[in-house]
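Just below is one structure, and these are the notes that go with it.
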Amino acid sequence: MALNAHLAELDEKHRLLERKIQEATARPGFSDAEVRRLKREKLKIKDEIARLQSATRH
Numbered sequence: 004m005a006l007n008a009h010l011a012e013l014d015e016k017h018r019l020l021e022r023k024i025q026e027a028t029a030r031p032g033f034s035d036a037e038v039r040r041l042k043r044e045k046l047k048i049k050d051e052i053a054r055l056q057s058a059t060r061h
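Just so you know, we're using my numbering here: the sequence shown kicks off at 4 and counts up by one.
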């Protein structure tokens, strides 16, 4: 059950980052560097989710 909770937490963080990226790009004068940082963080979380999900299938 702990793994499912961890996956749910990662999924929530992923959604939150997507929302932050959308908000940042909607603002005039948004920082490209900040958006890149958020996207890298979002990708790391997505990769971690995929890794954990594939580990549970084996």
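Using N, Cα and C, we set each Cβ at its ideal position, and we do this for glycine too.
| Query | Result |
| --- | --- |
| Boundaries of the alpha helix (DSSP H) in which S34 is found, first to last residue | Neither: S34 is in no alpha helix (DSSP H) and is coded neither H nor E. |
| Alpha carbon of E37 to alpha carbon of E12, nearest angstrom | 23 Å |
| A8 to Q56 span [Cα, whole Å] | 12 Å |
| Straight-line Cα distance separating E44 from E21 | 10 Å |
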